[in-house]
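This report refers to the structure that appears directly beneath it.
Numbering (full-length UniProt numbering), first residue to last: 1 to 64.
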């Protein structure tokens with residue numbers, strides 16, 4: 001699946017674990033994805049691809 005994503009031009013994707021209340025952000029660099037940031041409650045997750053997109057994880061996970 002990773003090859004399909006990189007061929008499609010997906011530059012970043014986020015894996016969200018609602019039970020663990022974490023977000024793992026993967027970014028595409030030189031044709032390969034690598035985990036670039038691991039975020040948890042209290043963090044403000046920001047996209048490196050979509051300018052201005054950010055997610056307050058306290059607010060996001062408050063009902064999880």
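Backbone N, C-alpha and C fix where the C-beta goes; we use that ideal spot for every residue, glycine too.
{"query": "Starting from the Cα of residue 23, find the closest Cα among 15, 52 and 10 and give me that residue.", "result": "15"}
{"query": "Contact defined as beta carbons within less than 8 Å: I believe residue 61 pairs with residue 21. What is the distance between those atoms, to the nearest angstrom?", "result": "4 Å"}
{"query": "For residue 55 and residue 17, what's the separation of their Cα atoms in angstroms?", "result": "14 Å"}
{"query": "Residues in the same chain with beta-carbon distance under 7 Å from residue 43, minus the five sequence neighbours each way, listed in chain order, please.", "result": "57"}
{"query": "Could you round the C-beta distance between residue 47 and residue 12 to whole angstroms and report it? I think they count as a contact, below 8 Å.", "result": "6 Å"}
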